[in-house]
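Participant: Numbering (my numbering), first residue to last: 56 to 152. Glycine included, each C-beta is placed from N, C-alpha and C at the ideal position. A single structure is presented below for examination.
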């Protein structure tokens, strides 16, 4: 899906999903907002894996892409929920920061 909202940004989204041989449901949802003038973009990529026991793991990576094509990860977050509903969230950071 792609839409222009009059703000000078083109927003594109794609969702893919499937099942693993182990019965896990895997879904990836990618949304990109592209500045029509500069070519710079923000990409939000969320991958979710739901196991047959009800546990879920999700990772969200937000990336800024410059007009020259260079990419910089702005955030990388992993969240897990076990079958009992216990939730943990971790923000992954670059060791150099």
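I need the DSSP call for residue 108, collapsed to helix, strand or coil.
Facilitator: Taking the chain shown and counting its residues from 1, the one referred to as residue 108 is at position 53. Three-state result, residue 108: coil.
Participant: Which residues in the same chain as residue 98 place their Cβ atom closer than 6 Å to its Cβ, once the five residues preceding and following it in sequence are excluded?
Facilitator: Within the chain shown, the letter at position 43 stands for residue 98. Answer for residue 98: 87 and 118, listed in chain order.
Participant: Return helix, strand or coil for residue 71, following the three-state DSSP convention.
Facilitator: Sequence index remark: in the chain shown, residue 71 carries index 16 (1-based). DSSP places residue 71 in strand when its eight states are reduced to three.
Participant: Which residues share a DSSP beta bridge with residue 130?
Facilitator: Position 75 of the chain shown, counting from 1, holds the residue named residue 130. Beta-bridge pairing links residue 130 to 117.
Participant: Tell me whether the beta-carbon of residue 74 lies closer than 7 Å to the beta-carbon of residue 111.
Facilitator: If you number the chain shown from 1, residue 74 lands on position 19. If you number the chain shown from 1, residue 111 lands on position 56. No; because the gap between Cβ atoms is not below 7 Å, this pair is not in contact.
Participant: Quick check: residue 79 and residue 71, are their CB atoms within less than 7 Å of each other?
Facilitator: Taking the first residue of the chain shown as position 1, residue 79 is located at position 24. Taking the first residue of the chain shown as position 1, residue 71 is located at position 16. For residue 79 and residue 71, no; Cβs fall outside 7 Å.
Participant: Exposed or buried, what is residue 96 when buried is set at 16 or more other beta-carbons lying within 10 Å of its beta-carbon?
Facilitator: For the purposes of this step, residue 96 is taken as residue 41 along the chain shown, with counting starting at 1. Under this definition residue 96 is a buried residue.
Participant: Determine which residues share a DSSP beta bridge with residue 100 and list them.
Facilitator: Stepping through the chain shown from its first residue, residue 100 is reached at position 45. 85 and 116, per the DSSP bridge assignment.
Participant: Considering only residues of the same chain and omitting the five flanking positions on each side of residue 146, which have a CB-CB separation below 6 Å?
Facilitator: For this step, residue 146 is matched to residue 91 along the chain shown. 132, listed in sequence order.
Participant: I'd like the list of long-range same chain contacts for residue 121, defined as Cβ closer than 8 Å, with 5 residues on each side in sequence excluded.
Facilitator: Walking along the chain shown from the start, residue 121 turns up at place 66. Within the same chain, residue 121 has close Cβ partners 95 and 127.
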